[in-house]
Amino acid sequence: MKAPMMEYTARELMAIAAARKINDGDIVFCGTGISMLAAMAAKHINAPNSIIIFETGAIDSQLEEIPLAVADPRVMFWASANGGLADAFAIMQNPITGQRVVGILGAAQIDRFGNLNSTAIGDYTRPTVRFSGSGGACDVASCVRRTIIFMQHERRKFVSQVDYLTSPGWLNGPEGRDKAGLSGGGPEAVITNLAVMGFDDHTREMFLEAYYPGTTPTQILAHMEFTVDISRAREIQPPTARELQILREQCDPQRLILG
Amino acid sequence: MKAPMMEYTARELMAIAAARKINDGDIVFCGTGISMLAAMAAKHINAPNSIIIFETGAIDSQLEEIPLAVADPRVMFWASANGGLADAFAIMQNPITGQRVVGILGAAQIDRFGNLNSTAIGDYTRPTVRFSGSGGACDVASCVRRTIIFMQHERRKFVSQVDYLTSPGWLNGPEGRDKAGLSGGGPEAVITNLAVMGFDDHTREMFLEAYYPGTTPTQILAHMEFTVDISRAREIQPPTARELQILREQCDPQRLILG
Amino acid sequence: MNTAPDKRMGLAEAVARFVFDGAHISIGGFTINRNPMAAVYEIIRQRIKNLHLYAHSNGQGVDELVGAGCVAKVEIAYGGSGRFAPTCICFRQAVENQKIAVEDYSNYQMTLRFLAGAMGVPFLPTRSSLGTDIIEKWGFPASMRRADPQIPDHKLLVMDNPFGAWGQTTKVVLVPAIQTDITILHAQKADANGTARIEGLTFADVEQAKSARHVIVTCEDLVEPNALRACPDRNQIPGLIVDAVVHVPFGAYPTACYRYYDYDPVYLKDYSQSARDDLQHQAYLERWIYGLQDHPALLEQVGAARLEMIKADPGTGYAKGLDRR
Amino acid sequence: MNTAPDKRMGLAEAVARFVFDGAHISIGGFTINRNPMAAVYEIIRQRIKNLHLYAHSNGQGVDELVGAGCVAKVEIAYGGSGRFAPTCICFRQAVENQKIAVEDYSNYQMTLRFLAGAMGVPFLPTRSSLGTDIIEKWGFPASMRRADPQIPDHKLLVMDNPFGAWGQTTKVVLVPAIQTDITILHAQKADANGTARIEGLTFADVEQAKSARHVIVTCEDLVEPNALRACPDRNQIPGLIVDAVVHVPFGAYPTACYRYYDYDPVYLKDYSQSARDDLQHQAYLERWIYGLQDHPALLEQVGAARLEMIKADPGTGYAKGLDRR
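Protein chains in written order, with numbering that gives the first Met the number 0: chain A, 0 to 258; chain G, 0 to 258; chain R, 0 to 324; chain P, 0 to 324.
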């Protein structure tokens, strides 16, 4: 017997898809917006002993209300320790703790190796569009073991070459990070409004891991400037009633991030 | 009419001679023992707005009781801020604050340029006598604008060449510090149980600045392995009744340091 | 730095004394939290120009300074104000229109640069940004750098680890120290001597203050001399580095001040809206800054009801259940 | 590090689990303050040998470990215990008799080395020690360094400032990072999760803890889970870096623990006296460490009157007027 159809938004599915990638005992670095929601959801659903840290210095936040920025006073709620930026980033660069961190990032552009641009479109000194810049994203992407990336799945965002490489993914392939002197891992997944993309263990190239109900692998390719392997793709497991309930009622009842 | 003879010990005179060299508004770095007493005396007598800092992290201590170590909990009394070693040494290395610091140090050996040994006598790896080592002394001597040094005036301590150069004085002369890459100043005075030694502005060599009542310049030379200029020497101004009273009653009533 | 015992001053006087045209400056806080907004508005009101601004992610304060035309150059990691402006509106326009010169770093790099200044070393190492355009692309060209002794000749440098494989590291990025003419912070509590206590996250405020030639502290509460010294553990800012202490209740408004008040979502949204349009932004500047004498006048115009709405809950330090839509 | 929620453990178990023959270790505290003495005595009692010890000025704890023959190599800035032993007695004898290999740094350098380990960078720069024998004379020869992957190939390195004259600096000394197998601290308060609060000066404890693979925290008070989280500003040790939490009242005795008790001048003087003589020192070890089961037994032997004598005054955090002659 088929379960009754659950209604949910792409944003809800994105948050839950990311939450499922967080393991119990992980240290979760998150930024503003949906990444915060994914971290909260993981802690409530599948990874109760995961530890949420913010670049602003809040370590092991309990997050009673959803913060609207990483400096929102809500990130301090019942934290283990409040420090500053220097403390937070040292946790990521330190090899012992950094190897346990999963970073959740977003960007304006991404390439096949998961390199991210959140700085500018066009020439750097005369940009046609200027974005916020790295913030802590480059630091996280440089140092920690795993990153998960949130993106809107659009052709102008999945590009052959990023206009400005703000945050390192796998750089130019399997040996890119080692050659550049970067330790840790690199991007593990890209979670979009249409799909979950993985990175091949050998080539470090992006591939389609799972597509959302109502879309197809070929439709997804049409939203990208470059082609990826779609042979391993499967339809994603939809959110369960419990996942949705926790996300909606405990994580973002005002729908500040869910919209 | 001559004032009545005041009785005082060499140790008391040493503390007061050092205190007189502290100016109002100076930041005073002090170690354990008599240097602590000199800093306290200056604050009570001639430099009420001097600020006492300890390498352990206590900034602007008020010192109600004399501490017996720089980590004595007494250094925390009504401080402006309690931090750690990293905070305290940064104040000295920082050029803005470091230029206002006068450091008070002690050592086992000193040479004509004010270089100090507080590490070992004999071969470094097979020493005949081992001392404590630098502690914060090398850091202070490397970074701050002025240092004042306490020594016992003995031939084996005022040596032609220190066995181990722990804390930099003027190194090998006028250009020594610049060539080595050290900023700030160097030693300004050595205060002993017999005399106050200065350093010539041009040659950076030690000279006899003042001798204590009851001793003579030539007697002082007999207590040193090397010769210094004695032509500028005068007898030191003895401690005043007020200086002695404050030192004895407010700074060290238990005579823990005064003995 | 200043070792005088009493450094109390009015805000207009403190800004006039320590902030000058072309000054190298940084402000405390992060995005929508504990920016020294009263001081920012006073700088705008005094029409100070050509500032060289150093920012990690200082958010609202940076954007208002840029929008009011006070800034010529900025070294920055992030120009955003959280959900209220994922990219700060004025910052974005100023960069796109080439009204300001901008050079990008990461948040950790900016923190390390302030820390290097605080420590008195010319640089600090990190692995962050290896392989990226943060290393490759300079905002300030070499010619401009050589001409200005207050800008280092290199944006940053990549170096092989001189200790071989020690620390499992092959290469490091060296980031140059920052030393500002003036840094302005807002703290919850300070005394006349400048000893200050920040409650909640300190962001990079402490490193910023210690890397500055002069420091202005604005505070919610100006307390008696020994009130803070009774617990020196909790004071991050020792008095000796501070030059001016200014008592400014709601001095971080419209950004948050932990345990005192939340950010004001209404003000921040209205600002973000008007910043998108030149005429509206001019009207904003007139109505909220130039047309007002000082910060108390701004607070009066905001009204007591709004300030009450954002009042911090004692248990959480923020306004629990505040409507933030 | 460890992210488990409950890390409470007995002291004997914690030491047996994390401290091993040949371990690279550091302890918290400074000279006669907040050394984790109960843990030091337990290490001695378990007769752990060949430790590679990293110390800035840890004083009493270092000297007792050296005196009991637990230490083979030490990297240190200062072997002294304030007025009680301007040079630590056992340390001095062990170096003079070449029973331990010693390498000298300054206090700031050791702090920076721990900080480098905590930050995950291979080195940090300073100007301290330029022109001195701290640079010239190595305690561990090059051959020994090359043979041991846990010791960097260079004691330290002098480098020209790659940013030219930036920061008014021509040369810097690079000090290599320390990463210990185990660091042990004593804090006033901790919870089961390992979140810990140090009251008063933190010395280099925080950097030491963060540079370690494993951390044991001993504490005066083991508090309820949310007692410390109600004010996270005051917690310097986040739980995630801690592996074992051990409740040991008077765990720093005979060194001081701010706001709890002062150092015990009687014990420290007696120790310093007996340490001068091999036979007396053996008797001391038997009577105060080997012959006792645990720290409570030591405290019982000291007696309630002495513990009462050093009880901290609530206003000052130390025993006001304590006879320290």
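Quick reminder that beta carbons are idealized off the backbone N, C-alpha and C, glycines included.
For residue i, is the classification buried or exposed, using 16 other Cβ atoms within 10 angstroms of its Cβ as the cut-off for buried?
i, result
"P:L200", "buried"
"P:M143", "exposed"
"A:N48", "exposed"
"P:L278", "exposed"
"G:S182", "buried"
"P:E223", "exposed"
"P:H34", "In the sequence as presented, His is not what sits at residue 34 of chain P; that position holds Asn. It is buried - the Cβ of P:N34 has at least 16 other Cβ atoms within 10 Å."
"A:P238", "buried"
"A:T226", "exposed"
"G:P186", "buried"
"G:H201", "exposed"
"G:A2", "Summary for G:A2: the model assigns pLDDT 46, below 50, so the residue's position carries little reliability, and this model does not support an answer."
"R:E74", "buried"
"R:E206", "buried"
"A:D71", "buried"
"G:S230", "exposed"
"A:S159", "exposed"
"P:A164", "exposed"
"A:M0", "With a pLDDT of 40 at A:M0, under the threshold of 50, the modelled position of that residue is not reliable, and no figure is offered here."
Measuring CA to CA, which of the options is closest to residue i?
i, options, result
"G:G135", "G:K156, G:P167 and G:V161", "G:P167"
"G:A194", "G:G172, G:G185 and G:F157", "G:F157"
"G:L115", "G:Q151, G:R99, G:A87 and G:Q98", "G:Q151"
"G:I52", "G:Q160, G:R99, G:E11 and G:Y123", "G:R99"
"R:T30", "R:F90, R:H280 and R:G58", "R:G58"
"G:R154", "G:I109, G:G113 and G:D177", "G:I109"
"G:Q236", "G:E6, G:L12 and G:N22", "G:L12"
"P:M0", "P:S271, P:L239 and P:E74", "P:L239"
"A:G102", "A:G180, A:M35 and A:R254", "A:M35"
"P:I177", "P:V244, P:Y104, P:N225 and P:G163", "P:Y104"
"R:A117", "G:T96, G:A106 and G:F112", "G:T96"
"G:R73", "G:K42, G:D86 and G:T31", "G:T31"
"R:F113", "A:A107, A:G121, A:L84 and A:P94", "A:L84"
Let me check one thing: in DSSP terms, what residues is residue i bridge-paired to?
i, result
"P:D190", "P:V222"
"A:P126", "A:G121"
"P:L10", "BP columns for P:L10 are empty, so no partner."
"P:S25", "P:Y53 and P:T182"
"G:V101", "G:V27 and G:R145"
"A:N81", "A:A57"
"P:A195", "P:A189 and P:I236"
"P:T217", "P:H185 and P:V245"
"A:L115", "A:I109 and A:S166"
"P:K310", "P:Y260"
"G:I52", "G:F28 and G:I58"
Q | Complete runs of the beta strand (DSSP E) confined to the region 64 to 132 of chain P [at least 3 residues] | A | Within the region 64 to 132 of chain P, the complete beta strand (DSSP E) runs of at least 3 residues are 70 to 75, 100 to 103 and 122 to 125.
Q.
Within 8 Å, do at least three Cβ pairs link the region 54 to 67 of chain G to the region 70 to 87 of chain R?
A. Pairwise C-beta distances place the region 70 to 87 of chain R out of contact with the region 54 to 67 of chain G, as fewer than three of them are shorter than 8 Å.
Q | Entirely enclosed beta strand (DSSP E) segments - the region 156 to 234 of chain A, minimum 3 residues | A | Along the region 156 to 234 of chain A, the beta strand (DSSP E) occurs as fully enclosed runs of 3 or more residues at 186 to 190, 194 to 198 and 205 to 210, listed in sequence order.
Q. Which parts of the region 143 to 185 of chain R are runs of the beta strand (DSSP E), unbroken and 3 residues or longer, counting only runs that do not cross its ends?
A. DSSP runs (the beta strand (DSSP E)) wholly in the region 143 to 185 of chain R: 156 to 159 and 170 to 175.
Q: Could you tell me whether the region 80 to 87 of chain G touches the region 114 to 131 of chain G, where touching means 3 or more Cβ pairs closer than 8 Å?
A: With a cut-off of 8 Å on Cβ pairs, the region 80 to 87 of chain G is not in contact with the region 114 to 131 of chain G, counting fewer than three such pairs.
Q. Using 8 Å as the Cβ pair cut-off and three pairs as the minimum, do the region 300 to 320 of chain P and the region 258 to 276 of chain P touch?
A. Yes, the region 300 to 320 of chain P touches the region 258 to 276 of chain P.
Q. Can we say the region 187 to 197 of chain P touches the region 233 to 243 of chain P, given the rule of at least three CB pairs closer than 8 Å?
A. Enough Cβ pairs lie closer than 8 Å, so yes.
Q.
Using a Cβ distance threshold of 8 Å, determine whether the region 183 to 192 of chain P contacts the region 205 to 221 of chain P, with at least three qualifying pairs required.
A. Yes: the two stretches touch, three or more of their Cβ pairs being nearer than 8 Å.
(Q) If contact is defined by three or more beta carbon pairs under 8 Å, each pair taking one atom from either stretch, is the region 167 to 183 of chain R in contact with the region 119 to 129 of chain R? (A) Three or more pairs of CB atoms, one per stretch, sit closer than 8 Å, so the region 119 to 129 of chain R contacts the region 167 to 183 of chain R.
Q) Per the contact definition of three or more C-beta pairs closer than 8 Å, is the region 90 to 103 of chain R in contact with the region 138 to 147 of chain A? A) Segments in contact, no.
Q.
Count Cβ pairs between the region 3 to 10 of chain P and the region 46 to 62 of chain P that sit closer than 8 Å; are there 3 or more?
A. Pairwise C-beta distances place the region 3 to 10 of chain P out of contact with the region 46 to 62 of chain P, as fewer than three of them are shorter than 8 Å.
Q) Curious, which full-length beta strand (DSSP E) runs of at least 3 residues does the region 233 to 278 of chain R contain? A) Correct list: 243 to 246.
Q) Do the region 63 to 70 of chain P and the region 44 to 52 of chain P make contact, defined as three or more Cβ pairs closer than 8 Å? A) As far as the Cβ criterion goes, the region 63 to 70 of chain P touches the region 44 to 52 of chain P, which means the pair count is three or higher.
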